[in-house]
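Residue numbers (our numbering): 713 to 890.
Beta carbons are placed, not taken as given, at the ideal position from N, Cα and C, and that holds for glycine.
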Amino acid sequence: MKYVKILPILLVLITSCSSVKVATDYDTKANFNKYQTFAFYKPGIDKAPISDLDKKRIMRAIEAELIAKGMQKSSTPDVLVSIFTKSRERVNINDNNWGYGYGWGWNPWMWNGANRLNVNQYTEGTLFLDVIDANKKELVWQGIGTGALSLRDVERKEEKIKEFVKEILSKYPPGSKK
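Next up, the structure:
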């Protein structure tokens, strides 16, 4: 009965943990309070090595997050937003041959000498979001998010992109609370 009460708390804790690792860097001399409008930097976005569909998904997610932060999209912006992406194949190997044993290589609970190795191959993606001062044409903020990608299912891919963008932009502007 105690487990039934604990289960909802564990589920909230497990699902609230983000699978995106975020790092940011910024110009400490920049006045982020003056940046109220944004636009996308097309030359930078065009260079991103992903499909046009994924570029649209990323740009829609960025636009939604920045508007939620009180910024407005404009044809005469204060900042330009650019993206870049990288991906690489990763292999994760877990040895699940655990239990009590009598020395190396022998475990009475794992009969037949079977190894319990799990090998998972996945694509790890990195999304770079650059915020550029439109007047000075200088990079003032960069957010980098890295995590496992979902490439097969379109809905899961879209949710993953939204998660990446939300986690990265949670750190913008510098000093803001999450």
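Residue i versus residue j - alpha carbon distance
| i | j | result |
| --- | --- | --- |
| M771 | N832 | 30 angstroms |
| S786 | A846 | 12 angstroms |
| L881 | E777 | 7 angstroms |
| S731 | E879 | 10 angstroms |
| K767 | P886 | 25 angstroms |
| A751 | N804 | 39 angstroms |
| P761 | K781 | 28 angstroms |
| R864 | E870 | 11 angstroms |
| V793 | T740 | 18 angstroms |
| G813 | E867 | Bear in mind that the predicted position of G813 carries a pLDDT of just 49, short of 50, making it unreliable; the figure below should be weighed with that in mind. Approximately 45 angstroms, taken between the alpha carbons. |
| E775 | M783 | 9 angstroms |
| A773 | Y747 | 19 angstroms |
Supposed contact pair residue j and residue i - C-beta distance, whole angstroms, cut 8 angstroms
| i | j | result |
| --- | --- | --- |
| F744 | I795 | That belief does not hold up - the Cβ atoms of F744 and I795 are roughly 19 angstroms apart, past 8 angstroms. |
| I873 | R769 | 5 angstroms |
| T797 | T749 | About 25 angstroms separates the two Cβ atoms, so there is no contact after all. |
With 16 other Cβ atoms within 10 Å as the buried cut-off, status of residue i
| i | result |
| --- | --- |
| G857 | buried |
| P755 | exposed |
| L765 | exposed |
Residue i, enclosing beta strand (DSSP E) - first and last residue
| i | result |
| --- | --- |
| I895 | Summary: the structure shown does not reach residue 895, with the chain confined to residues 713 through 890, and so no result is reported for it. |
| V734 | K733 to Y738 |
| L851 | E850 to A860 |
Distance cut-off 7 angstroms: residue i Cβ against heavy atoms of the ligand ADP
| i | result |
| --- | --- |
| K883 | Judged by which ligands are present, the structure shown has none, so any question about the ligand ADP falls away. |
Endpoints, alpha helix (DSSP H) assigned at residue i
| i | result |
| --- | --- |
| D758 | K754 to D758 |
| F876 | V866 to L881 |
| query | With a cut-off of 8 angstroms, do at least 3 Cβ pairs link the region 731–743 to the region 847–854? | reply | yes
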